[in-house]
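Everything on this sheet refers to the single structure shown next.
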Amino acid sequence: MSEPIDLEQLETARREWDKTVLTPALEKNPGRDEAALRTASNIPLQPLYDPTSDNPATYLERQGFPGCYPFTRGVQPTMYRGRLWTMRQYAGFGTAEQTNARFRYLLDQGQTGLSVAFDLPTQVGLDSDHSLALGEVGKVGVAIDTLRDMEALLAEIPLDEVSTSMTINAPAAVLLAMYIVVAESQDADWSKLRGTIQNDILKEYVARGTYIFPPGPSMRLIQNTFEFCARKLPKWNSISVSGYHIREAGATAVQEVAFTLADAIAYVETALQAGLNVDEFAGGLSFFFSAGSDLLEEVAKFRAARRMWARIMKQRFGAQSPRSMTLRFHSQTSGAALTAQQPDNNVARVTLHALAAVLGGTQSLHTNSRDEALALPSQESVQIALRTQQILAHESGVANTVDPLAGSYVVEALTDEIEAQAHDYLERIASMGGMVQAIEAGYVQREIADAAYTYQRQLEDGKRIVVGVNRFTTADEPHRDLMRHDPGLREAQLARLADVRFERNEQAVLQALRALRNAAEQPGENLMYPIIDCVRRYATLGEICAELRRVFGEHTQPGVV
Numbered sequence: 002m003s004e005p006i007d008l009e010q011l012e013t014a015r016r017e018w019d020k021t022v023l024t025p026a027l028e029k030n031p032g033r034d035e036a037a038l039r040t041a042s043n044i045p046l047q048p049l050y051d052p053t054s055d056n057p058a059t060y061l062e063r064q065g066f067p068g069c070y071p072f073t074r075g076v077q078p079t080m081y082r083g084r085l086w087t088m089r090q091y092a093g094f095g096t097a098e099q100t101n102a103r104f105r106y107l108l109d110q111g112q113t114g115l116s117v118a119f120d121l122p123t124q125v126g127l128d129s130d131h132s133l134a135l136g137e138v139g140k141v142g143v144a145i146d147t148l149r150d151m152e153a154l155l156a157e158i159p160l161d162e163v164s165t166s167m168t169i170n171a172p173a174a175v176l177l178a179m180y181i182v183v184a185e186s187q188d189a190d191w192s193k194l195r196g197t198i199q200n201d202i203l204k205e206y207v208a209r210g211t212y213i214f215p216p217g218p219s220m221r222l223i224q225n226t227f228e229f230c231a232r233k234l235p236k237w238n239s240i241s242v243s244g245y246h247i248r249e250a251g252a253t254a255v256q257e258v259a260f261t262l263a264d265a266i267a268y269v270e271t272a273l274q275a276g277l278n279v280d281e282f283a284g285g286l287s288f289f290f291s292a293g294s295d296l297l298e299e300v301a302k303f304r305a306a307r308r309m310w311a312r313i314m315k316q317r318f319g320a321q322s323p324r325s326m327t328l329r330f331h332s333q334t335s336g337a338a339l340t341a342q343q344p345d346n347n348v349a350r351v352t353l354h355a356l357a358a359v360l361g362g363t364q365s366l367h368t369n370s371r372d373e374a375l376a377l378p379s380q381e382s383v384q385i386a387l388r389t390q391q392i393l394a395h396e397s398g399v400a401n402t403v404d405p406l407a408g409s410y411v412v413e414a415l416t417d418e419i420e421a422q423a424h425d426y427l428e429r430i431a432s433m434g435g436m437v438q439a440i441e442a443g444y445v446q447r448e449i450a451d452a453a454y455t456y457q458r459q460l461e462d463g464k465r466i467v468v469g470v471n472r473f474t475t476a477d478e479p480h481r482d483l484m485r486h487d488p489g490l491r492e493a494q495l496a497r498l499a500d501v502r503f504e505r506n507e508q509a510v511l512q513a514l515r516a517l518r519n520a521a522e523q524p525g526e527n528l529m530y531p532i533i534d535c536v537r538r539y540a541t542l543g544e545i546c547a548e549l550r551r552v553f554g555e556h557t558q559p560g561v562v
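2 is the number of the first residue of the sequence shown in my numbering; add one for each residue after it.
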């Protein structure tokens, strides 16, 4: 067993090394540009980290042990030694049948969970035959208009055995209702359904724009799904608070942590205001983060987020259950980091991102495909992306020990710094009245825009290097076989939608829609139940959302300067 470190002796030796070795060396050779020696969040990196960088008096309080408060080192005591992360490749395009074929292919290739991408009309609650859906049907995800589409999407997939994530926000309650009704048709027990709806509307106002209703009614729908899932779907995650899209919009790692946790705080407060007990619903909260190229900062970001959330839930909201304090998260490799130039370089980037997510303790992971900067991923590219996860899991050795970077002085120092800077953001947001008020004032949007501008200037000035884009470029790009959009799929989707409208009991549909509108006019009513009734009668997504629009109105984003 090694001798305990004498910190006083070490500090003396460190000062001597700084004076006699490091400083003269830097004077002779200053080395790389200072901007390149900072993290992506602009945190300066010291030349060396060692035990003198840490505070031993508070070390255990800040780091703890895996599976124990404050969960800095992971939410499970055994992590991947007990069970690997869920390999959940994001997929969705064209018709429900096409996406179902991709799902079953991925499951056959060893994927362990589903992740559904919806097209833009579905994301904003419009049917495929709406005039605003023209040119967008099935383009960036699968088109889901009615229960019949969801039935085709999930055909031959046992929903009580497979975990499913659905990236849907404004109409999340409707898509969840469709999923539940399909599960019923399989005789699946609701209590066995596992998965997640993203359901994170606040980040839509900040970063993506697929909102429908104003913040107040949107928060009511989230509140309703919290209550419904807590009581009817105990294994379902009722929200995935998403930092991913905040990061993709240009935020730094620090901002990703801060704004994501600020959103989560707002959701918890909303649920508490509805009379729910914190330990009744908090275990159903999950998170979604980006995994980027700055490996050490990304690992530290995940550690900082876990620690901050544990303290927020325990100290601010009085949570008693350890599950309520655990920040469980899905991660996706950074789409914004992928390049159209030299696209095969993206395989290396995605591997690096995935390694950061695994070293950071993710619970599930999607790896992007090499051609996603050019088009929807081809089947060959999707297989390479999945194989990347499998190689990390089974060949790299990083899954064989709990918290592989434990004791890394630089990672732990970066964790402390990210937490401190994110905490400053949370205090500023609190002083504005909370995240909803900060968003309405345009504060969050401006911070992200400023960060994106700063990073873009660094790229253009050559202070940040992106291989193949502003350094190590080539004149000619190789031809690549890309996945092509089927121009006939819109007509096929419209034909199915017309068939559903012709075959259903129209009177029953109108009755269910009227009941939904009446419930929406009563603030205390949980809307999940009338939405499920509408879905069972084959009301369309657009019809359901139209009834809610009549009561709630539509959100118009204020200009942000």
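Ideal Cβ placement from N, Cα and C applies to all residues, glycine included.
Assigned secondary structure, residue i (DSSP; H/G/I helix, E/B strand, else coil)
| i | result |
| --- | --- |
| Leu222 | helix |
| Ser1 | The chain is shown from 2 up to 562; residue 1 falls before or after that span and cannot be answered. |
| Asp167 | Reading off the sequence shown, one finds Met at residue 167, where the question assumed Asp. Reduced to three states, the DSSP call for Met167 is strand. |
| Leu483 | coil |
| Met88 | strand |
| Ile240 | strand |
| Gly435 | coil |
| Leu393 | helix |
| Val76 | coil |
| Gln64 | helix |
| Val125 | coil |
| Val117 | strand |
| Pro216 | helix |
| Thr21 | helix |
| Phe94 | coil |
| Arg39 | strand |
| Ser382 | helix |
| His131 | coil |
| Ser335 | coil |
| Pro323 | helix |
| Pro45 | strand |
| Phe318 | coil |
Reference residue i; option with closest CA among the options
| i | options | result |
| --- | --- | --- |
| Asn225 | Ala184, Val175 and Gln187 | Val175 |
| Ala521 | Val552, Glu544, Ile533 and Tyr530 | Val552 |
| Asp295 | Pro45, Pro531, Leu107 and Thr40 | Thr40 |
| Ala453 | Glu9, Leu27, Ser42 and Arg537 | Ser42 |
| Ala184 | Arg195, Leu160, Ile169 and Pro172 | Leu160 |
| Glu241 | Gly293, Thr253, Thr261 and Ala254 | Looking at the sequence shown, residue 241 is not Glu but Ser. Closest option to Ser241, Cα to Cα, is Thr261. |
| Arg221 | Thr557, Leu549 and Ala208 | Leu549 |
| Gly563 | Tyr539, Gly525, Asn519 and Pro215 | Here the chain comprises residues numbered 2 to 562, so residue 563 is not present and cannot be evaluated. |
| Ile247 | Gln523, Phe288 and Glu62 | Phe288 |
| Ala509 | Arg538, Met433 and Asn519 | Arg538 |
| Thr475 | Asp190, Val351 and Ala341 | Ala341 |
Straight-line Cα distance separating residue j from residue i
| i | j | result |
| --- | --- | --- |
| Gly217 | Phe119 | 24 Å |
| Arg103 | Val348 | 20 Å |
| Arg472 | Tyr456 | 16 Å |
| Ser192 | Leu234 | 5 Å |
| Asn506 | Glu228 | 30 Å |
| Glu249 | Arg429 | 23 Å |
| Val411 | Leu297 | 8 Å |
| Val269 | Ala283 | 8 Å |
| Leu244 | Leu23 | In the sequence under discussion, the amino acid at residue 244 is Gly, which differs from the Leu named in the question. Near 39 Å, if we compare the C-alpha coordinates of Leu23 and Gly244. |
| Val182 | Cys230 | 14 Å |
| Asp188 | Asp345 | 45 Å |
| Val258 | Ile449 | 12 Å |
| Asp568 | Pro71 | No statement about residue 568 is possible, as the shown extent of the chain runs from 2 to 562 and does not include it. |
| Tyr106 | Arg388 | 13 Å |
| Leu148 | Gln391 | 34 Å |
| Asn101 | Leu27 | 58 Å |
| Val437 | Leu273 | 16 Å |
CB contact check: residue i to chain D, cutoff 7 Å
| i | result |
| --- | --- |
| Leu387 | You won't find chain D in this structure, because it holds only one protein chain. |
Would you check if the segment 367 to 381 and the segment 310 to 327 touch, i.e. whether three or more CB-CB distances between them fall below 8 Å? no
Is it a yes or a no for the segment 419 to 426 touching the segment 305 to 324, going by three-plus beta-carbon pairs under 8 Å? yes
Enumerate, from N- to C-terminal direction, the unbroken alpha helix (DSSP H) stretches of 4 or more residues contained entirely within the segment 243 to 312. 245 to 249, 254 to 274, 279 to 282 and 296 to 312
With contact counted as at least three CB pairs below 8 Å, one residue from each stretch, are the segment 532 to 545 and the segment 498 to 515 in contact? yes
Would you be able to state if there are at least three C-beta pairs under 8 Å between the segment 64 to 77 and the segment 401 to 411? yes
Contact between the segment 128 to 136 and the segment 104 to 118 (3+ Cβ pairs under 8 Å): no
Flag this pair as touching only if the segment 528 to 540 and the segment 192 to 207 have three or more C-beta atom pairs under 8 Å; answer yes or no. no
Which complete alpha helix (DSSP H) runs does the segment 137 to 214 hold, if anything under 4 residues is left out? Correct list: 148 to 154 and 173 to 186.
Any chance the segment 377 to 388 sits against the segment 481 to 488, with 3 or more Cβ pairs inside 8 Å? yes
Please give the ranges of any beta strand (DSSP E) in the segment 456 to 519, keeping only runs that are unbroken, at least 3 residues long and fully inside the region. none
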